[in-house]
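Okay, so here's the structure we're looking at.
There are 2 protein chains.
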Amino acid sequence: METRITKLLGTRYPIIQGGMQWVGRAELASAVSNAGGLGILTALTQPTPADLAREIERCRTMTDKPFGVNLTILPSINPPPYEQYLDTIIDSGVRILETAGANPRDFVDKVKAAGIIVIHKCVAVRHALSAERHGVDAVSIDGFECAGHPGEDDIPGLVLIPAAARALKIPIVASGGFGDGRGMAAALALGAEGINMGTRFCATQEAPIHDKIKQALVAATERDTRLIFRPFRNTARILGNAVAREVNEIEARPGATFEDIHHLVAGQRGKKALETGDVDDGLVWAGQIVGLIDDIPSVRELIDRIVKECRGRLAAATAMAG
Amino acid sequence: METRITKLLGTRYPIIQGGMQWVGRAELASAVSNAGGLGILTALTQPTPADLAREIERCRTMTDKPFGVNLTILPSINPPPYEQYLDTIIDSGVRILETAGANPRDFVDKVKAAGIIVIHKCVAVRHALSAERHGVDAVSIDGFECAGHPGEDDIPGLVLIPAAARALKIPIVASGGFGDGRGMAAALALGAEGINMGTRFCATQEAPIHDKIKQALVAATERDTRLIFRPFRNTARILGNAVAREVNEIEARPGATFEDIHHLVAGQRGKKALETGDVDDGLVWAGQIVGLIDDIPSVRELIDRIVKECRGRLAAATAMAG
Numbered sequence: 028m029e030t031r032i033t034k035l036l037g038t039r040y041p042i043i044q045g046g047m048q049w050v051g052r053a054e055l056a057s058a059v060s061n062a063g064g065l066g067i068l069t070a071l072t073q074p075t076p077a078d079l080a081r082e083i084e085r086c087r088t089m090t091d092k093p094f095g096v097n098l099t100i101l102p103s104i105n106p107p108p109y110e111q112y113l114d115t116i117i118d119s120g121v122r123i124l125e126t127a128g129a130n131p132r133d134f135v136d137k138v139k140a141a142g143i144i145v146i147h148k149c150v151a152v153r154h155a156l157s158a159e160r161h162g163v164d165a166v167s168i169d170g171f172e173c174a175g176h177p178g179e180d181d182i183p184g185l186v187l188i189p190a191a192a193r194a195l196k197i198p199i200v201a202s203g204g205f206g207d208g209r210g211m212a213a214a215l216a217l218g219a220e221g222i223n224m225g226t227r228f229c230a231t232q233e234a235p236i237h238d239k240i241k242q243a244l245v246a247a248t249e250r251d252t253r254l255i256f257r258p259f260r261n262t263a264r265i266l267g268n269a270v271a272r273e274v275n276e277i278e279a280r281p282g283a284t285f286e287d288i289h290h291l292v293a294g295q296r297g298k299k300a301l302e303t304g305d306v307d308d309g310l311v312w313a314g315q316i317v318g319l320i321d322d323i324p325s326v327r328e329l330i331d332r333i334v335k336e337c338r339g340r341l342a343a344a345t346a347m348a349g
Numbered sequence: 028m029e030t031r032i033t034k035l036l037g038t039r040y041p042i043i044q045g046g047m048q049w050v051g052r053a054e055l056a057s058a059v060s061n062a063g064g065l066g067i068l069t070a071l072t073q074p075t076p077a078d079l080a081r082e083i084e085r086c087r088t089m090t091d092k093p094f095g096v097n098l099t100i101l102p103s104i105n106p107p108p109y110e111q112y113l114d115t116i117i118d119s120g121v122r123i124l125e126t127a128g129a130n131p132r133d134f135v136d137k138v139k140a141a142g143i144i145v146i147h148k149c150v151a152v153r154h155a156l157s158a159e160r161h162g163v164d165a166v167s168i169d170g171f172e173c174a175g176h177p178g179e180d181d182i183p184g185l186v187l188i189p190a191a192a193r194a195l196k197i198p199i200v201a202s203g204g205f206g207d208g209r210g211m212a213a214a215l216a217l218g219a220e221g222i223n224m225g226t227r228f229c230a231t232q233e234a235p236i237h238d239k240i241k242q243a244l245v246a247a248t249e250r251d252t253r254l255i256f257r258p259f260r261n262t263a264r265i266l267g268n269a270v271a272r273e274v275n276e277i278e279a280r281p282g283a284t285f286e287d288i289h290h291l292v293a294g295q296r297g298k299k300a301l302e303t304g305d306v307d308d309g310l311v312w313a314g315q316i317v318g319l320i321d322d323i324p325s326v327r328e329l330i331d332r333i334v335k336e337c338r339g340r341l342a343a344a345t346a347m348a349g
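First to last, the protein sequences are chains A and B. Residues 28 to 349 (the working numbering) make up the first sequence, in order. Residues 28 to 349 (the working numbering) make up the second sequence, in order.
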């Protein structure tokens, strides 16, 4: 396949593995890159910048294809040492950085000066335009369907992707709600030049999470995710498990504050379930695409299937359109 | 174009004008049918079944192409005479019926016995499967993006359309969030065999609504719709005008009931703004596709443009997919 995204990244397919906390480790990232996509290590999955440097080295021993690192910058009372993580990424010689959260204006010049390609992930056309103005190379535009933080506008990809494609000059990657060849074909038709998949890659053999969580993703339907943190304007989509239901119940009480749910979501509650395999043991990030996940293939099987189905669906649609 | 939907309906293109209260009159329906799509008269826009019979006759004088009638059956304290409207549709010789709201099981046998094609519009895969079991010919599957009632599951088309396409044997029409050729190409790629457009057809020269409302649709962005009635599990998406804001404010009060907002939404508040042209004068139904509406073309210009853009986008996507 050839789009501005494959040319920018040097990959065979315009398929990017989304940066996922606790999941974006060398096992998964290298598998995606080896299969022709772009694997992504998540910087903050590593407890220190030195650990990130070692993880990048480890990934290099597992693939000779391009891979990237995600750095998600969120407001925090006790922030991680973002600047040190960024310096580590630059010093490691990684060529592709995925950013998310904060406006990239504060660090894009430094990263670009190091010759690094920057893909900024955002959830609104106005944020994508701002990132373009500040010099990023591409944006991932994340729709309402996505796992994690969809923002507060609730615009799904069917509208958000063409809106972004019309407004931007740089190439866009469609994110949120993608996991099969039908979706990839739709993304290309809507004006994106690649897709980003997170939840779908969690349900692969190589994803470094407990098998019972993968099975929970297979079992879930498209109705089995929930939005939490909406009252605090920090909305996140997660699998609708016991924790999600409890958080939603507390949020529904008049006057509920973030402090009221803090004990349910603080610390590494997102890590715990992935490790123990008990789906009710913490926050399990999942997008609505869970409804279309039916198996746990290898990453290579998955990517090959998506590419084949994408081409097949475009051929079928073209035949219908005459 | 040729899909199971064009073959079922006898239209040139698989483009259906959504049944819209106060908008689905002969002027718009005939224009859509004359341009190669399927125009739809909305039964309950007519005050009596006799008026509907006259409107059907009037539409026949304006087009010799197929058109349909929408009958939306909703729970109501003082329901309109649904059975009489249905008998009028059957007696009028109309060949295509779009149903929405209630499960079609109660009337589908009678309608099918009269040789009428039935398209049932619904918002969930389980409802679509039920409609298929009861013998409808096709379903319109309406995603979270749509104007009017998206249901309470909040599943956008990117996930809902392939989920429905995988589950159903009968053809599906993609509805909600469609208004251009990019979207049509995506719908066909996702597994639909046609698209349904409501909001986009409101912003055409032939739509029988005030020009200032059409201009308001052009001015609106994808962020300018609001959901109302969510606390009452009867969610509806409308343009974010003064009425919508007031309804949302009242709904946010603890213990708010439908009685508290009844004065803002009762009677023909949906009709008033369309007639006066004051966008704040009532409920104005609009889907998120408003963000991609930039002009007020004739229906024929719009359909021709969509068909051309759909084919162009599929060719571009096919070139990228290699």
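Beta carbons are placed, not taken as given, at the ideal position from N, Cα and C, and that holds for glycine. Computed from a prediction, not measured in an experiment: that's the story for all the values here.
Practice problem: Examine the ligand NAP and report whether any of its heavy atoms sits within less than 6 Å of the Cβ of residue 159 (chain A). | Solution: For the ligand NAP, the structure offers nothing, since it holds no ligand at all.
Practice problem: Spatial neighbours of residue 278 (chain A) within its chain, please: CB distance less than 6 Å, with the 5 preceding and 5 following residues excluded, ordered by chain position. | Solution: Here residue 278 (chain A) is taken as the residue at index 251 of the first sequence, counted from 1. If we look at residue 278 (chain A) and ignore the five residues flanking it on each side, its Cβ neighbours are 258.
Exercise. Locate the alpha helix (DSSP H) running through residue 136 (chain A), then write down its first and last residues.
Key: Translated into the one-based positions of the first sequence, residue 136 (chain A) becomes position 109. First-last of the alpha helix (DSSP H) with residue 136 (chain A): 135 to 140.
Quiz item: Can you tell which of B:115, B:270, B:148 and B:93 has its C-alpha closest to the C-alpha of residue 47 (chain B)?
Solution: On the second sequence, position 20 is the one that residue 47 (chain B) refers to. Among B:115, B:270, B:148 and B:93, the Cα nearest to that of residue 47 (chain B) belongs to B:148.
Quiz item: Is DSSP giving residue 242 (chain A) helix, strand or coil here?
Solution: Residue numbering aside, residue 242 (chain A) sits at position 215 when the first sequence is read from its first letter. Residue 242 (chain A): helix per DSSP, three-state reduction.
Self-check item: Chain-ordered neighbours of residue 183 (chain A) on chain B, where CB pairs are closer than 8 Å
Solution: Reading the first sequence from its first residue, position 156 is the one you call residue 183 (chain A). Chain B residues near residue 183 (chain A): 170, 171, 172, 183, 184, 185, 204 and 315.
Quiz item: In chain order, what residues of the same chain have a beta carbon less than 6 Å from the beta carbon of residue 100 (chain B), not counting five sequence neighbours either side?
Solution: Taking the first residue of the second sequence as 1, we reach residue 100 (chain B) at position 73. The residues are 109, 128 and 129.
Quiz prompt | Boundaries (first-last residue) of the alpha helix (DSSP H) holding residue 103 (chain A) | solution = Walking along the first sequence from the start, residue 103 (chain A) turns up at place 76. Careful: residue 103 (chain A) lies outside any alpha helix (DSSP H) and carries neither H nor E.
Exercise. Check whether the Cβ of residue 324 (chain A) lies closer than 7 Å to any Cβ atom in chain B.
Key: To locate residue 324 (chain A), count along the first sequence from 1; it is residue 297. So, not an interface residue.
Quiz item: What residue from B:282, B:333, B:239 and B:188 has the CA that sits closest to residue 301 (chain B)'s CA?
Solution: By one-based count along the second sequence, residue 301 (chain B) stands at place 274. Measuring from the Cα of residue 301 (chain B), the nearest candidate turns out to be B:239.
Quiz item: Who pairs with residue 224 (chain A) in a beta bridge, going by DSSP?
Solution: In the first sequence, counting from the first residue as 1, residue 224 (chain A) sits at position 197. Looking at the DSSP assignment, residue 224 (chain A) forms a beta bridge with A:44.
Exercise. Using a Cβ cut-off of 7 Å (strictly closer), state whether residue 249 (chain A) contacts chain B.
Key: For the purposes of this step, residue 249 (chain A) is taken as the residue at position 222 of the first sequence. Residue 249 (chain A) counts as touching chain B.
Quiz item: Is it right to say residue 280 (chain B) is buried, meaning 16 or more other beta carbons lie within 10 angstroms of its own, or is it exposed?
Solution: Mapped onto the second sequence, residue 280 (chain B) falls at position 253. Exposed is the label assigned to residue 280 (chain B), since fewer than 16 other Cβ atoms lie within 10 Å of its Cβ.
Quiz item: Going straight from the alpha carbon of residue 256 (chain A) to that of residue 273 (chain B), what length do you get?
Solution: Position 229 of the first sequence, counted from the start, is the residue given in the question as residue 256 (chain A). Position 246 of the second sequence, counted from the start, is the residue given in the question as residue 273 (chain B). Between residue 256 (chain A) and residue 273 (chain B), the C-alpha separation is close to 24 Å.
Quiz item: So what's residue 110 (chain A) in DSSP terms, helix, strand or just coil?
Solution: The residue you call residue 110 (chain A) lines up with position 83 of the first sequence. Reduced to three states, the DSSP call for residue 110 (chain A) is helix.
Quiz item: chain A beta carbons: is any one of them nearer than 7 Å to that of residue 349 (chain B)?
Solution: Along the second sequence, read from residue 1 onward, the residue named residue 349 (chain B) stands at position 322. Yes, its Cβ sits closer than 7 Å to a Cβ of chain A.
Quiz item: With a cut-off of 8 Å, do at least 3 Cβ pairs link the segment 183 to 201 of chain B to the segment 233 to 247 of chain B?
Solution: no
Exercise. Give, in chain order, every residue of the segment 211 to 231 of chain B whose Cβ lies closer than 7 Å to some Cβ of chain A.
Key: Among the residues of the segment 211 to 231 of chain B, those with a Cβ less than 7 Å away from any Cβ of chain A are 212, 213, 215, 216, 217, 218 and 220, in the order of the chain.
Quiz item: Rounded to whole angstroms, how far is the Cβ of residue 253 (chain A) from the Cβ of residue 275 (chain A), which I believe are closer than 8 Å?
Solution: Locating residue 253 (chain A) in the first sequence gives position 226, counting from the first residue. Locating residue 275 (chain A) in the first sequence gives position 248, counting from the first residue. Their Cβ separation, rounded to whole angstroms, is 6 Å, which keeps residue 253 (chain A) and residue 275 (chain A) in contact under 8 Å.
Quiz item: For the putative contact between residue 166 (chain A) and residue 197 (chain A), defined by C-beta atoms under 8 Å, what is the C-beta separation to the nearest angstrom?
Solution: Counting from one through the first sequence, the residue named residue 166 (chain A) turns up at place 139. Counting from one through the first sequence, the residue named residue 197 (chain A) turns up at place 170. Between residue 197 (chain A) and residue 166 (chain A) the Cβ distance is about 7 Å, and since that is below 8 Å, they are a contact.
Exercise. Take every Cβ of the segment 208 to 216 of chain B, pair it with every Cβ of the segment 157 to 165 of chain B, and state whether three or more of those distances are shorter than 8 Å.
Key: no
Self-check item: For residue 78 (chain A), the three-state DSSP class (helix, strand or coil)
Solution: Within the first sequence, numbered from 1, the residue matching residue 78 (chain A) stands at position 51. Looking at residue 78 (chain A) - three-state DSSP - the assignment turns out to be helix.
Quiz item: For residue 89 (chain B) and chain A, any beta-carbon pair shorter than 7 Å?
Solution: For the purposes of this step, residue 89 (chain B) is taken as the residue at position 62 of the second sequence. With 7 Å as the cut-off, residue 89 (chain B) does not count as an interface residue toward chain A.
Exercise. Run the CB neighbour count on residue 245 (chain B), radius 10 Å, all protein chains shown included, and call it buried at 16 or more, exposed below.
Key: Here residue 245 (chain B) corresponds to residue number 218 of the second sequence, with the count starting at 1. Counting Cβ neighbours within 10 Å, residue 245 (chain B) comes out exposed, since fewer than 16 surround it.
Quiz prompt | Proximity of residue 95 (chain B) and residue 330 (chain B) at Cβ, strictly below 7 Å | solution = Taking the second sequence and counting its residues from 1, one reaches residue 95 (chain B) at position 68. Taking the second sequence and counting its residues from 1, one reaches residue 330 (chain B) at position 303. No. Outside cutoff.
Quiz item: Since residue 75 (chain B) contacts residue 51 (chain B) with CB under 8 Å, what's their CB separation in whole angstroms?
Solution: On the second sequence, residue 75 (chain B) is found 48 positions in, with the first residue counted as 1. On the second sequence, residue 51 (chain B) is found 24 positions in, with the first residue counted as 1. Not quite, the Cβ-Cβ distance comes to about 16 Å (not below 8 Å), so this is no contact.
Quiz item: Which term fits residue 241 (chain A), buried or exposed, when burial requires 16 or more other beta carbons within 10 angstroms of its beta carbon?
Solution: Here residue 241 (chain A) is taken as the residue at index 214 of the first sequence, counted from 1. Buried, by the Cβ-count rule.
Quiz item: Quick one: which chain B residues come within Cβ less than 8 Å of residue 318 (chain A)?
Solution: In the first sequence, the residue the question calls residue 318 (chain A) occupies position 291. Under the 8 Å cutoff, chain B gives 182, 186 and 190.
Practice problem: Please compile the residues from chain A whose C-beta is within a distance smaller than 7 Å of the C-beta of residue 279 (chain B). | Solution: Along the second sequence, one-based indexing puts residue 279 (chain B) at 252. Going along chain A, no residue has its Cβ under 7 Å from residue 279 (chain B), so there is no contact; the nearest lies around 10 Å.
Exercise. List the residues of chain B that residue 284 (chain A) touches, going by C-beta distances under 9 Å, in chain order.
Key: Walking along the first sequence from the start, residue 284 (chain A) turns up at place 257. Ordered by position in chain B, no residue passes the 9 Å Cβ test against residue 284 (chain A), which lies about 15 Å from the chain.
Quiz prompt | When B:333, B:349 and B:35 are compared against residue 142 (chain B), the one with the closest alpha-carbon | solution = Within the second sequence, numbered from 1, the residue matching residue 142 (chain B) stands at position 115. It is B:35.
Practice problem: Could you tell me whether the Cβ atoms of residue 219 (chain A) and residue 194 (chain A) are closer together than 7 Å? | Solution: Taking the first residue of the first sequence as 1, we reach residue 219 (chain A) at position 192. Taking the first residue of the first sequence as 1, we reach residue 194 (chain A) at position 167. Contact flag unset, no.
Quiz item: Buried or exposed: residue 111 (chain A), going by 16 or more other Cβ atoms within 10 Å of its Cβ?
Solution: What you label residue 111 (chain A) is simply residue 84 of the first sequence in a count that begins at 1. Residue 111 (chain A) should be labelled exposed.
Quiz item: By Cβ distance, which residues of its chain are closer than 7 Å to residue 299 (chain A), with the 5 residues on each side in sequence left out?
Solution: Here residue 299 (chain A) refers to the residue found at position 272 of the first sequence. Once the five neighbours on either side are set aside, the close Cβ partners of residue 299 (chain A) are 308 and 309.
Quiz prompt | Integer Cβ distance of residue 223 (chain B) from residue 43 (chain B), believed to fall under 8 Å | solution = Residue mapping note: residue 223 (chain B) aligns to position 196 of the second sequence, counting from 1. Residue mapping note: residue 43 (chain B) aligns to position 16 of the second sequence, counting from 1. The Cβ separation is near 5 Å, so the contact holds.
Quiz item: Taking buried to mean at least 16 other C-beta atoms within 10 Å of its own C-beta, is residue 290 (chain A) buried or exposed?
Solution: Position 263 of the first sequence, counted from the first residue, corresponds to residue 290 (chain A). Flag for residue 290 (chain A) reads exposed.
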